[in-house]
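A short worksheet on the structure shown next.
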Amino acid sequence: MGGSRRAVYVLAGIWVIIWILLPSWAGAQDSENISAQTRGCLGCHQTVTPGIVSDWKNSRMAKITPAAASEKPARQRRVSFDSVPENLGGTVVGCAECHNLHPDTHDDTFSHGGTDVHTVVTPEDCATCHPVERQQFSQNLMAEAYGNLMDNSLYEALITAASGPMKFTGTKLTQKAPDAETNADACLFCHGTKLKVEKIEERDTAMGPMEMPEISGWPNQGVGRINPDGSKGSCAACHTRHRFSIKTARKPDTCSQCHKGPDVPAYKVYKVSKHGNIYSAMKDSEEWDFSAVPWTVGRDMEAPTCAACHVSLLDSPGGRVLAERTHRMNDRLGWRIFGLPYAHAHPESADTSIIRNKNGLPLPTALDGTPAEKFLISEKTRVERTRTMQQVCLGCHSSSWVSGHFRRMEHTIDSTNAQTRTATEILQKAWDAGLESGPAAGGRPFDETLERMWVESWLFYANSTRFASAMGGADYGVFENGRWHLTRNTREMMELLELRQKTENR
Amino acid sequence: MGGSRRAVYVLAGIWVIIWILLPSWAGAQDSENISAQTRGCLGCHQTVTPGIVSDWKNSRMAKITPAAASEKPARQRRVSFDSVPENLGGTVVGCAECHNLHPDTHDDTFSHGGTDVHTVVTPEDCATCHPVERQQFSQNLMAEAYGNLMDNSLYEALITAASGPMKFTGTKLTQKAPDAETNADACLFCHGTKLKVEKIEERDTAMGPMEMPEISGWPNQGVGRINPDGSKGSCAACHTRHRFSIKTARKPDTCSQCHKGPDVPAYKVYKVSKHGNIYSAMKDSEEWDFSAVPWTVGRDMEAPTCAACHVSLLDSPGGRVLAERTHRMNDRLGWRIFGLPYAHAHPESADTSIIRNKNGLPLPTALDGTPAEKFLISEKTRVERTRTMQQVCLGCHSSSWVSGHFRRMEHTIDSTNAQTRTATEILQKAWDAGLESGPAAGGRPFDETLERMWVESWLFYANSTRFASAMGGADYGVFENGRWHLTRNTREMMELLELRQKTENR
Amino acid sequence: MGGSRRAVYVLAGIWVIIWILLPSWAGAQDSENISAQTRGCLGCHQTVTPGIVSDWKNSRMAKITPAAASEKPARQRRVSFDSVPENLGGTVVGCAECHNLHPDTHDDTFSHGGTDVHTVVTPEDCATCHPVERQQFSQNLMAEAYGNLMDNSLYEALITAASGPMKFTGTKLTQKAPDAETNADACLFCHGTKLKVEKIEERDTAMGPMEMPEISGWPNQGVGRINPDGSKGSCAACHTRHRFSIKTARKPDTCSQCHKGPDVPAYKVYKVSKHGNIYSAMKDSEEWDFSAVPWTVGRDMEAPTCAACHVSLLDSPGGRVLAERTHRMNDRLGWRIFGLPYAHAHPESADTSIIRNKNGLPLPTALDGTPAEKFLISEKTRVERTRTMQQVCLGCHSSSWVSGHFRRMEHTIDSTNAQTRTATEILQKAWDAGLESGPAAGGRPFDETLERMWVESWLFYANSTRFASAMGGADYGVFENGRWHLTRNTREMMELLELRQKTENR
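In order, the protein sequence lines correspond to chains X, G and D.
If you're matching positions, the first sequence starts at 0 in numbering that gives the first Met the number 0 and goes up one per residue.
If you're matching positions, the second sequence starts at 0 in numbering that gives the first Met the number 0 and goes up one per residue.
If you're matching positions, the third sequence starts at 0 in numbering that gives the first Met the number 0 and goes up one per residue.
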């Protein structure tokens, strides 16, 4: 028998197996498990928006009913309701199960194909099956990301400094606050926009003219989005539509969208860290399983991703819990290494717009570094949270490794805070001399040149240095926006101050 | 039967299957389908340059004859000739089929192993089997990348400012134009060099001394390369040698070589966008197929790559065409968000060296922002091209999503153009005051300090902000070379102008 | 028979196969091949640090005894001893085989579970099975990375400039040398720390209180680490613990930890190079094999990684050796493109702290560019090493390609060195005028503003331009920290010099 004929036989055999398996795989979404209402949606949408539909068909939600999902052993469960939600027991979770939910509370509800549909699916909708995660997330700093930025007068001033349009009058430069569309394209892209139904408009679609709401601030999937039902956040920020795969949420690439800039270089630092090296080099090995629940250290993965340290339910191969799942990521964070302007113990409340430092400014630390203690977690809580995080580290590292690592990181928090203090003192001198206009003089503290240099000293360089320390980011603590830039910038602030003193005093 | 013995049996079975299949896989390139001439090449080159040969053996070209390729249904075809090229019907496309083609038109043809061979395979050679793609590409901005840069006196001045060697005389700094070798290593690395046969030289090779052409500008695979047969471009820029895999061309990494710097941060922005997040997290899933033709949204991939939006033939799973394949990428581009110095409607002709703005400068916009309208596409064409692109978006997004996205992007084009205007006005003031030497005074507009800051304001920061807006790049529109840097830079320009006014006027 | 029932049968069949195979896969580490001592370790550690244990279980070391490893044909061998080390023949290499080795020479040896264990496994320990690699590495620049930095007074001054804490006195800025913990978190993170046992302390562990050494400088896996047994280096820098996979070491991501910053942008440049494009796009193809020894060009990979060009044993598919394995990476490096401050022929000795330039400064080149020739390799050796590297290139590229590439790269070395010369002359002028305090005046040459700009001109911009040239990094030679920044920075140095001359002389 010749090689090519044998190959044909074997290939034929393989095709037979595929043909046998195919119906059970591809058939899921055609089964009686799909609700009549969702079938109605699919009728048009598999033609009109085939990408979404295919994406959903590949999702777990399209394959398993909430009732079936709830029958799993507790620790393997992805749903967190106490009892199966009414009307959701027998069908998989399709278009209608999310987009037709709670029509009365959704300002964006509109009549579409004979049903009341809304465009924006919100945490309140997802809470039908995932109430525990929704509840945790609502206490997560991220859920308040819109208000934490927009309801803080100082941060609003930072937004204006960053994104406000500048005009040149011929002799001087003026700057206004940015408009809503610019904010939606800039800071609020990650923080979340405020979605507001402006009007119902007739729109030309592939199926002819249709009435649909025009929603200002849309599209957006920011973590702190203000939704048309009044809820806050977007689960799709991490659980990317319309597959909602736990695999996506667990991969660091997903976090990169909002955590890659010089202000929060978490992803960049992770990628050059040993954890990130291992992830990049080994993640496609057959041993790695990004979908297993619980997620087992050493069996499902060999190095942590962002989710492993901050969110996921982690087990040891023997079944010991290393960390409980939490969507209130604060649970594992003692320090907030993101300085404002100093790194500090984590805020007590997810809503940070309520914080006032000792000088009455809405900042978690005073300009001299004093933390706004009554708005921050206690020393005891900070140590407890650090211990919670360390349980993850200890899954792979010895206690001497872990204690050495955290000792060094806390030293770096102290030393970078000291550098921020030095930069602040130089700026204060400029403010005192009337060379730039600070808060005491009623000025915005972020828009003039020395002020902007000061902002970069803590927002970019001290920050980058701390992220590098926390994850082992090497050059992000030295020549890649690290200490070298921190000291260079401080020196340049000093020189500019001196130059100003000379040139202004003449 | 013990576990290890059973394992041996099963493993043996697997090996038998592999052994059966192997000949049919590995055997392709040994078949009678390889031309006698290519066999001649392989005789030495599988020893001398084994990497290339293996690469080619793994390619589609080594496995399928043009005749067989043309028998595919029209929409699955990768070749675009009307009838099978003479002499190419019965053999696969090997060394000789490309490197021995058109010997008379190739200045780099030399006698080698008894045949007339040329080093540089050109679009004209590839057009033998891919005439439609070659024709489209010739009308693509990229095909003219060499002349668009080198035949524009202003851009030549930019090249000199960027790459020209500087000397310090002891009191001042002088700068000359860079030499050809520096250009080949810098701008022309991507834009393409001009290849010129300098002489035939004897070279020591693994097979003894041989006569070969010395080609200045070689090696290079820039998109606008001027070839020894007079043609323009290099298909290998994207269809990487010698595998020429559609998989490579469709992956965004390939585009990163020339689209990653601060001037064109497309790849960086893509990677942090939701599309890029999904790509990074999910691309290795079994569902993704980077080789399917047509490329089916939702079946072969779950998120677009660069190629999906700009080049590929895209279908819906139902077989509806979302976008026709085009190698004239302009077809889907209404705006050119890459500002020169302002973002503008796309140029009409691929050759942009012919453009003159209202002041006679070879720029698509005047320094006050007025577009050079008669060289740019009409409003009508711009809207049509945007609609073509939107058909791709609508494969996965609702019409309200798409209209909101494009409304926001066009707002960002306007607002960043306004910032460029402000920066230009400050520079104009400096030019008017004789503080720096602009075009009106016969100076190069890119080489002095304020001028360089101005260049960065549009080339880096406005640009980055627009790329971020177009793809959802978050911090690339704010703190990562975005609006923060744009406003900071504008302010620093203003301060430097003021300082100069003070210090020069004393 | 319905589709779902058939699926059940087939799935059942697949499970049977898995069940048959499982014991032989999972059983390895439970076999009699594990030493009694290592079994003792595992007894607790598979509970206490399950991640490490799983990682090791997946490693080659856990599966193959040194005796079995030595029976491979010479060129496929991963061990390099002449005869199997005593006591290691019959068991796999587990915890005790490394951590209990050489207890007498290890200052960090402590009594733990009844045995003498040390925390830090060193090259001297690894040399038991890999003596050739250890010997080569000891002659590699990297092995001396600690002393090359810390025993060089000039580089110490650079460390202080970069990382030293700054204080503002109210009128001026002072800077001290950084403390040890800061250095460990900054430069020494990659260069390696000096590990020192400070004391034995009682520690709370999951198994109750235990006595363990407190080691200053720990954790660290820098390439030049000074170990508690006096040896230098850390094999785990590249051969990541506790899997020690050759796959990890061969992937470029591993190198990124220390080779990604603006001073050594090797990884960033690689990723946008054609080699990197191919790697990113194709590495998951079934053809790629990152574990094969020898590593065969065109069969196991289609484009080189860092390891392929600098370290690995490379063969052609026909079995011809393209490059011998070397852990003395200098073997393939003629030039050191990392300028200090000029690019130069590679240093002769791995210990560069002995180098003195013609002015007696510990730099491989004088400030006017003259190389410290007697400490650098000869022209002949430089050419020979380049030829060794070119053998790798020639595996896939024609001789005209290779000669053109290297000609261009050497031109770029010359032209960037000339730019460094220009920048140095400007700085020298400032030093001569007493505007900043250089070495002649007893000052640190890296800490003042013009000095820092000068550092960036060679350390960031000239360097980036050369890395881009060496690997085809396109924009890293122009707008991404390349020539544009080099010329901009030089001009700004000139302007600052002029401004200082004006303002200081008043």
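Glycine included, every Cβ here is placed at the ideal spot set by N, Cα and C.
Contacts of X/Gln389 in chain D (Cβ-Cβ under 7 Å): Neighbours of X/Gln389 on chain D: none; closest Cβ ~11 Å, over 7 Å.
Rounded separation between G/Asn147 and G/Ser352 - CA only: Straight across, the Cα-Cα distance linking G/Asn147 with G/Ser352 is about 5 Å.
Alpha-carbon spacing of D/Val131 relative to D/Phe80, whole angstroms: Between the alpha carbons of D/Val131 and D/Phe80 lies a gap of roughly 7 Å.
Helix, strand or coil at G/Pro212 according to DSSP, with G and I counted as helix: Strand.
N-terminal and C-terminal residue of the beta strand (DSSP E) that G/Arg202 is part of: Lys195 to Thr204
Chain D within 8 Å of X/Val91, Cβ atoms only: At a cut-off of 8 Å between beta-carbon atoms, X/Val91 makes no contact with chain D.
X/Arg298 versus D/Ile51: straight-line alpha-carbon distance, rounded: 11 Å
Whole alpha helix (DSSP H) elements within the segment 351 to 406 of chain X, 4-residue minimum: 378 to 392
Sub-8 Å separation of G/Thr448 and D/Glu286 beta-carbons: no
Helix, strand or coil at D/Val296 [DSSP, three-state]: strand
For G/Thr385, the nearest candidate out of G/Ile425, G/Arg335, G/Ser414 and G/Leu434 (CA to CA): G/Arg335
Where the segment 273 to 301 of chain X meets chain D: residues whose CB sits under 7 Å from a CB there: Lys273, Asn276, Ile277, Ser279, Ala280, Met281, Asp283, Glu286, Val296, Gly297, Arg298 and Glu301
Partners in chain D for G/Pro164, counting only beta-carbon separations shorter than 7 Å: Ser414, Ala417 and Gln418
Cβ pair X/Leu458, X/Gly394 closer than 8 Å: no
The alpha helix (DSSP H) enclosing G/Phe188, as first and last residue numbers: Cys186 to His190
Short CB-CB distance (under 8 Å) between D/Trp334 and chain G: no
Span of the beta strand (DSSP E) around G/Ser110: Thr108 to His111
C-alpha distance - X/His111 paired with X/Ala179, whole-angstrom precision: 29 Å
Nearest-angstrom beta carbon gap, G/Lys166 and D/Thr421 [assumed within contact, 8 Å]: About 6 Å separates the Cβ atoms of D/Thr421 and G/Lys166, confirming a contact at the 8 Å cut-off.
Minimum Cβ-Cβ distance from X/Leu172 to chain G less than 8 Å: yes
Buried or exposed (CB count within 10 angstroms, at least 16 for buried), D/Ile471: Strictly speaking, residue 471 of chain D in this sequence is Gly, with Ile absent from that position. Buried is the call here.
Straight-line gap, X/Thr192 to X/Phe445 (C-alpha atoms, nearest Å): 23 Å
Contact between the segment 369 to 376 of chain G and the segment 339 to 354 of chain G (3+ Cβ pairs under 8 Å): Three or more beta-carbon pairs separated by less than 8 Å link the segment 369 to 376 of chain G to the segment 339 to 354 of chain G, which places the two stretches in contact.
Residue from G/Gln427, G/Thr464 and G/Phe478 with nearest C-alpha to G/Met492: G/Gln427
Own chain residues within Cβ distance below 7 Å of X/Ser230, not counting five before or after: Thr121, Pro122 and Glu123
Neighbourhood of D/Trp294 by C-beta distance below 6 Å, restricted to the same chain and skipping five residues each side: Ser311 and Leu313
D/Gln135: first and last residue of the uninterrupted alpha helix (DSSP H) it sits in: Pro130 to Ser137
Beta carbon proximity, G/Ser451 to chain D, threshold 8 Å: Inspection of the sequence shows that residue 451 of chain G is occupied by Arg rather than by Ser. By this cut-off, G/Arg451 is an interface position.
Selection of the segment 393 to 405 of chain X by Cβ proximity to chain D, strictly under 9 Å: Leu393, Gly394, Cys395, His396, Ser397, Ser398, Ser399, Trp400, Val401, Ser402, Gly403 and His404
Check whether X/Leu520 and X/Pro361 have beta carbons under 8 Å apart: Residue coverage of chain X in this structure runs from 0 to 505, which leaves residue 520 of chain X outside it and unanswerable.
is_contact[X/Ser34, chain D] using C-beta, thresh 8 Å: no
D/Gln256 at chain X interface by Cβ criterion, 8 Å: yes
Proximity below 8 Å, CB of G/Ser468 to CB of G/Met408: yes
Near-chain G residues of the segment 314 to 340 of chain D (beta-carbon distance less than 8 Å), N- to C-terminal order: Ser315, Pro316, Gly317 and Arg319
N-terminal and C-terminal residue of the alpha helix (DSSP H) that G/Thr464 is part of: Asn462 to Met470
Amino acids of chain X, ordered along the chain, whose beta-carbon sits closer than 8 Å to that of D/Ser53: Simply Val296, Gly297, Arg298, Glu301 and Pro316.
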